[in-house]
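What follows is a single structure, written as C-alpha cells, with notes after it.
Numbering (our numbering), first residue to last: 24 to 311.
Dropping the structure here:
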C-alpha cells in the first residue's frame, strides 16, 4: 500500500468508526427517518458546491442508474437497518458486526467479479475462522445477554450492502468523480426520506438536546460527506475488495467509543468472537 493509500485508509477508518456512537445518541432523540434525512441533507449541502466546482454533477447524472443502485444499496437500505437496529443493539456490537463486510466482499469478488483466489487454503481458513467468530459473537450473547436477534440480523444485512456497493462503484462508475456520485446519491436518499423524516421532526424538537443536534451534524459532515470522498479515493488507490478492510479500524473505534463514552458493556461474546472475526477477515481478504 502506498503512503497515500495508508493515510486514506487511516482517515477513512476513523471517519467511519465514529458514526455508530453518534447514531446511538441520535436515535434516542430523533426518528430513524429524520436521522437519515438530516444526515444526507447536511452531507449534500457540504458536497454539492464542491462537486459543482469540480464539474462532477453532469457525469454522474449520465450514469444515474448505477448511481441510484449505489444510493439504495450503500445508503438508503443499510442506514435504515443500522439506525433502527441501534435502538436495541449497542453501538459497539454494531461496529463489531460490520467487521464481516470483507467476508461478503470475498464472495462477491469470486461469484460476480471472477476472482478465483478465494479457493486458496488461507482464504478458506479465514472464512471458517471468521464464521466461528461471528457465531461466538452472536451466539454466546444471545444466551447470556439481552440480545435483539432481529437487530443483529438487520446489521448483518446492512453489511452485505456495504460490500456490494463498493464493487458497483469500482466496476461501473469508478471512472466518475466521486464528488458527483456521492452528491447525487445523497439527493436521491434525501428524496426518499423527506416526507417521513420531516413529518417526524416536530415531535422530536421539544426533546432534542445539544448532543442530539451535534450527533446529526457529525453524521452528515464527517461520517457522510468527508467519509465518502475519502472512501472513493481509497477504492481508486487500493481497489474495492481491499478498501473494505477499513472495517478493522472502524470496528476498534466503534468498540472503544461505545465503552468509554456510552458506558456499553463488554460481553463474553465480544471477547471470544471479535479476535476471530478480525483474524478471519485478514486471511479471507488477503491476496495470496
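All residues carry an ideal CB built from backbone N, CA and C; glycine is no exception. Model, not experiment: these values are computed from the prediction.
Proximal residues to residue i (C-beta, below 7 Å), its chain only, five neighbours per side dropped
{"i": "residue 234", "result": "48"}
{"i": "residue 174", "result": "108, 111, 112"}
{"i": "residue 50", "result": "58, 106, 109, 110"}
{"i": "residue 203", "result": "74, 79, 80, 82, 83"}
Residues of its chain near residue i, where Cβ-Cβ distance is below 8 Å and the 5 sequence neighbours each way are ignored
{"i": "residue 246", "result": "38, 39, 41, 42, 45, 62"}
{"i": "residue 269", "result": "32, 35, 36, 39, 254, 257"}
Three-state secondary structure assigned by DSSP to residue i
{"i": "residue 26", "result": "helix"}
{"i": "residue 143", "result": "coil"}
{"i": "residue 97", "result": "helix"}
{"i": "residue 78", "result": "coil"}
{"i": "residue 44", "result": "helix"}
{"i": "residue 110", "result": "coil"}
{"i": "residue 198", "result": "coil"}
Length of the line joining the Cα atoms of residue i and residue j
{"i": "residue 79", "j": "residue 209", "result": "14 Å"}
{"i": "residue 250", "j": "residue 225", "result": "29 Å"}
{"i": "residue 92", "j": "residue 144", "result": "34 Å"}
{"i": "residue 193", "j": "residue 259", "result": "8 Å"}
{"i": "residue 189", "j": "residue 170", "result": "30 Å"}
{"i": "residue 72", "j": "residue 205", "result": "12 Å"}
{"i": "residue 148", "j": "residue 66", "result": "40 Å"}
{"i": "residue 181", "j": "residue 120", "result": "10 Å"}
{"i": "residue 159", "j": "residue 100", "result": "26 Å"}
{"i": "residue 103", "j": "residue 176", "result": "13 Å"}
Same chain only: Cβ atoms within 6 Å of residue i, ignoring 5 sequence neighbours per side
{"i": "residue 54", "result": "223"}
N-terminal and C-terminal residue of the alpha helix (DSSP H) that residue i is part of
{"i": "residue 187", "result": "172-195"}
{"i": "residue 215", "result": "201-227"}
{"i": "residue 235", "result": "233-243"}
{"i": "residue 288", "result": "Looking at the DSSP string, residue 288 is not in any alpha helix (DSSP H), and its letter there is neither H nor E."}
{"i": "residue 53", "result": "Taken as a continuous stretch (DSSP letters only), residue 53 belongs to no alpha helix (DSSP H), as it is neither H nor E."}
{"i": "residue 134", "result": "124-134"}
Any non-hydrogen atom of the ligand NAD within 8 Å of residue i CB
{"i": "residue 279", "result": "No copy of the ligand NAD occurs in the structure displayed, which carries no ligand at all."}
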